[in-house]
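A.B. asks: Per my numbering, residue 250 is the first one in the sequence shown, and the count goes up by one each step.
Where a beta carbon is used, it is the ideal one built from N, C-alpha and C, also for glycine.
Before we start, here is the structure in question, set down as structure tokens.
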Amino acid sequence: MNKITLKQIIIAIICYIIVNLIAGYGVILLGADISQIYGQLNKPYFAPPTWVFSIAWTLNTILFVYGFLITFNSKKSTIRSSLLNLDYIIIFNYLIFQYISFGSGILFGNIIPSMFFIPTATMLILVIIAMRFAYIMDKSEMSLLSRIKSGDSVLASFVPLFSWLVIASALGFGIWIMN
């Protein structure tokens, strides 16, 4: 694996900001007050308060970008290409989530509860597949334990996102059932 350069870090930060501006613009464009919409929904008992989502998605996106940089700097292989393509699909899913989940209320007059579950569960499935590719890539580059210890594990960068998506998918399913 090649070292991550300062230029790549700066580009990653710019991309991170652009992706979050596009995702955030969806909320502005739709005129949706996410806190109000989320507050009005019937939710399972384990539903976190609204402010937790911002923290979780910020942390997950930063770790995702870090894993992407590691993947990008890994030696070229079919696994690397597949993982990069999955990363692009995951980013696209992240970008359209606001539009799908909260846009359903604008388009159809009310929020469609399944629209919280479907994009989240889709992203969870994509992340599980990406984790499989990351595991194979990590293992082929050096021992998985060595990569985790050195902070160069793509698989480790997916673990918090995977954990959050399990909770978010269960929450989305609960919202779908309860509303």
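(1) Just curious, the alpha helix (DSSP H) that residue 409 is in, first and last residue?
(2) DSSP three-state label for residue 254, please.
(3) Please report the distance separating the alpha-carbon of residue 333 from that of residue 362.
(4) By the DSSP assignment, the alpha helix (DSSP H) with residue 291 in it spans what residues?
(5) Which of helix, strand or coil does DSSP assign to residue 388?
(6) Give me the Cβ distance between residue 290 and residue 416, rounded to the nearest whole Å; I'm assuming they're in contact under 8 Å.
(7) In this structure, does DSSP put residue 361 in helix, strand or coil?
C.D. replies: Considering the structure as presented:
(1) On the sequence shown, position 160 is the one that residue 409 refers to. Unbroken alpha helix (DSSP H) run through residue 409: 403 to 427.
(2) Looking up residue 254 in the sequence shown gives position 5. Residue 254 falls in the coil class under three-state DSSP.
(3) Mapped onto the sequence shown, residue 333 falls at position 84. Mapped onto the sequence shown, residue 362 falls at position 113. Going by the C-alpha atoms only, they are around 31 Å apart.
(4) Against the sequence shown, residue 291 aligns to sequence position 42. Note, residue 291: premise wrong, no alpha helix (DSSP H); not H, not E.
(5) To locate residue 388, count along the sequence shown from 1; it is residue 139. In this structure, DSSP gives residue 388 a helical state, which the three-state scheme calls helix.
(6) Within the sequence shown, numbered from 1, the residue matching residue 290 stands at position 41. Within the sequence shown, numbered from 1, the residue matching residue 416 stands at position 167. Contact doesn't hold; Cβ gap of about 16 Å is too wide.
(7) Translated into the one-based positions of the sequence shown, residue 361 becomes position 112. In the structure shown, residue 361 sits in coil (DSSP, three-state: anything other than H, G, I, E or B).
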